[in-house]
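Enquirer:
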Amino acid sequence: MADRTNTNLPAEGSVSRPPTPFEYTYDKSFRMLTLGAGILTVLLLVYIFWKIGGQAAPAMREYGLSFLTTVEWNPGKNQFGILAEIWGTLYSSLLALLCGGVLGIAVAIFLTQGFLNARLAWVFRLIVEMLAAIPSVVYGLWGIYVLIPAIRPIANWLHDTVPFIPFFSTKLAGPGMFPAMIVLSIMILPTVAAISQDAFRAIPMKIQEAAYGMGTTKWEAIRKVIIPTASGGIFASLVLGFGRALGETMALAMLIGNSQQVSLSLFSPATTLASLLASTFPEAGANQIGPLMYAAVVLLVITMAVNIIGTIIMNYTTRQTVT
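Following this note's numbering, the numbering of the sequence shown begins with 1 at its first residue and continues without gaps.
(1) Tell me which residues share the same chain as PRO75 and place their Cβ nearer than 7 Å to its Cβ, disregarding the 5 neighbours each side in the sequence.
(2) In whole angstroms, give me the CA-to-CA distance for SER196 and PRO228.
(3) Just curious, the alpha helix (DSSP H) that THR249 is in, first and last residue?
(4) Using a 10 Å radius around the Cβ and a threshold of 16 neighbouring Cβ atoms, would you call MET130 buried or exposed?
(5) Using CA atoms only, rank isn't needed, just tell me which of ALA274, ARG61 and TRP157 is closest to ALA348.
(6) Which residues in the same chain have their Cβ closer than 8 Å to the Cβ of SER92, if we skip the five residues on either side of it in sequence?
(7) Using alpha carbons as the reference points, say which of ALA194, VAL146, TRP87 and TYR294 lies closest to VAL262.
(8) Can you tell me the Cα-Cα spacing of VAL107 and ARG201, whole angstroms?
(9) Determine the extent of the alpha helix (DSSP H) in which PHE110 is found, giving its start and end residues.
(10) Do you know how far the Cα of LEU126 is from the Cα of ASN117?
(11) Please list the terminal residues of the continuous alpha helix (DSSP H) segment that includes ASN156.
(12) My output table needs one value for GLN55: the three-state DSSP class, helix, strand or coil.
(13) Going by alpha carbons, who is nearest to PHE49 out of MET304, ILE309 and ILE313?
(14) I'd like the list of long-range same chain contacts for ALA236, defined as Cβ closer than 7 Å, with 5 residues on each side in sequence excluded.
(15) Would you mind working out which of LEU189, SER259 and LEU147 sits nearest THR280, comparing C-alpha positions?
(16) Compute the beta-carbon to beta-carbon distance between TRP73 and PHE67, rounded to the nearest angstrom, for a pair I have assumed lies under 8 Å.
(17) Is the beta carbon of LEU266 less than 9 Å from the beta carbon of ALA155?
(18) Report the residue from LEU43, LYS171, PRO18 and ALA59 whose alpha carbon sits nearest the alpha carbon of PRO149.
(19) List the DSSP bridge partners of TRP73.
(20) Using the C-alpha atoms, what's the distance from GLY247 back to ILE151?
(21) Return the chain-ordered list of same chain residues with a C-beta closer than 8 Å to the C-beta of ALA230, the five sequence neighbours on each side being excluded.
(22) Can you have a look at MET327 and say buried or exposed, based on whether 16 or more other CB atoms are within 10 angstroms of its CB?
(23) Start and end of the alpha helix (DSSP H) containing PRO179?
(24) Note down, in chain order, each residue of its chain lying with its Cβ closer than 6 Å to the Cβ of MET1, except the 5 sequence neighbours on either side.
(25) Of the residues GLY174, LEU158 and ILE109, which one's Cα is nearest the Cα of PHE168?
(26) Measure how close the beta-carbons of LEU97 and PHE242 come, nearest whole angstrom, since I'm counting them as under 8 Å.
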């Protein structure tokens, strides 16, 4: 007869049992694997900063903070500054986030709140997700040959009509901030829409039913209940979309104009840190390697700062929503 005093054996009629030694080992191995992956990610980030920062250190000592406050980039005179690139990076990304973020959240609401039947919503969701699969160089070509000719008459009409408004103070002769912003908005839309949809779908149905039971209309429930409840996920989507916009390279290099100037005009050419690195590095002389590495460090710092600040705000927003 089996010994029923063995604690590893399940009680008669019980459907539960303690983990086996193999399961203990498997669980511990999985924990160690995930811990190792996390540590490896941190070490990889530190290594990237160390390698790029090491090559940028001579330029940092030579140019100091003036590198961040001047717009001149003249390798012949050994004069380098990236104020125009910093401005173009932040300005284009913020404009794209304003446009693409609002549109992405609207798409997420449209696809998750019963405005379409399930099959049609799946088709629209697939189309939105396919936007993320289009290469950025294709977006750039589309912007050059389709978008710029389409918006140039409207842009020039705005300039001729209200030239005193800083946003319309120049004409759109070709590549510029506005076409780059539109393409960048389209590129971050799938990220914002996908994560926002997950946030909306995570809301328990009882919360929506309670809102309808109190007599709210559909739009009132969305505006006053559903969006505030999903605010943490929505903000996460905006942070990721903003990070995506900050690092975009080829499409902006083709569309933004690569001009060393700081301007509020939506129709003037500009430049970004990523496009500077992409367009200058292949033919860079020895005196440009250090400044370009310095610019890469600045881009990394901006991206890291945006993600850290966004995570802090997102966690605070989530706690406020829960309480």
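Glycine is no exception: its CB is placed at the ideal position from the N, C-alpha and C atoms.
Expert: According to the structure shown:
(1) GLY285, ASN287 and GLN288
(2) 12 Å
(3) THR249 -> no alpha helix (DSSP H), and no H or E assigned at all.
(4) exposed
(5) Because residue 348 is not part of the residues shown, which for the chain are 1 to 323, the question remains open.
(6) MET177, ALA180, MET181, LEU184, ALA245, LEU252, ILE256, ALA270 and THR272
(7) TRP87
(8) 13 Å
(9) 83-112
(10) 14 Å
(11) 148-161
(12) helix
(13) MET304
(14) ILE195 and MET314
(15) SER259
(16) Actually they do not touch by this definition, with Cβ atoms about 10 Å apart.
(17) yes
(18) LYS171
(19) PHE80
(20) 25 Å
(21) SER196, ALA199, PHE200, ALA202 and ILE203
(22) Past the edges of the chain, shown from 1 to 323, lies residue 327, and the structure says nothing about it.
(23) 177-201
(24) Confidence is the limiting factor: at MET1 the pLDDT is only 45, short of 50, which leaves the residue's position unreliable, though a coordinate-based value still follows. Taken in chain order, the list of residues that qualify is empty.
(25) LEU158
(26) 5 Å
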